[in-house]
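K.L.:
Residue numbers for the sequence shown, in this note's numbering: 256 to 373.
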Amino acid sequence: MVRFALAGILCAGLVTACSHKADGSDIAFETHSYRCENGEQLEVKYATPEDGPSMATLSYDGKLVPMHQEPAASGALYVADRGQPGYRWHTKGDSGILSLQDIGGESEKTLLKDCVSE
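#1: Which runs of the beta strand (DSSP E) spanning at least 3 residues fall entirely within the stretch 284-309, listed in chain order?
#2: Using a 10 Å radius around the Cβ and a threshold of 16 neighbouring Cβ atoms, would you call Ala302 buried or exposed?
#3: Is Pro340 helix, strand or coil when you go by DSSP?
#4: Tell whether a beta-carbon distance below 7 angstroms holds between Glu298 and Ser288.
#5: What are the residues that DSSP puts in a beta bridge with Glu325?
#6: With a CB to CB cut of under 6 angstroms and the five nearest residues on each side skipped, what residues in its chain are close to Tyr333?
#7: Suppose the cutoff is 7 angstroms on Cβ atoms and the five residues either side in sequence are ignored; what does the same chain contact list for Lys364 look like?
#8: Taking only three categories from DSSP, how would you classify Ala277?
#9: Can you give the beta carbon distance from Val320 to Tyr342, rounded, assuming they're within the 8 angstroms contact cut?
#10: Using CA coordinates, which residue listed in Ser314, Asp369, Lys318 and Pro304 is at the minimum distance from Lys378?
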């Protein structure tokens, strides 16, 4: 899985969308730039396998944060993989919110809001 994520990072870094054949299934890679309410720009690279959940990697505050998709009531919810703080990236349509959830999951702090895809 790490190999596919790295391929996605490299692939998405060269173009905004491409496809990679991995073990007989296609994985589509896309890069989206978001401009947030505070003027900060956030770049997110998405990897969507033909079968299975999507993955995302975002760069925030000098950190590269790998994430996996989890079920959401609406839109798409990506949560940071193990070993990372509790980053959560929730998108719906062309907009998103980046938040940080504490370890116990009892509170959540919004880091970037009203992020709109450019």
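Ideal placement from N, C-alpha and C gives every residue a C-beta, glycine not left out.
P.N.:
Let's see:
#1: 296-304
#2: buried
#3: coil
#4: yes
#5: Leu332
#6: Ala311, Met322, Gln324 and Trp344
#7: Ser354 and Leu355
#8: Bear in mind that a pLDDT of 48 at Ala277, under 50, signals an unreliable position, so the number given afterwards is only what the model happens to contain. Ala277: strand per DSSP, three-state reduction.
#9: 5 angstroms
#10: Residue 378 is absent from the structure shown; the chain starts at 256 and stops at 373.
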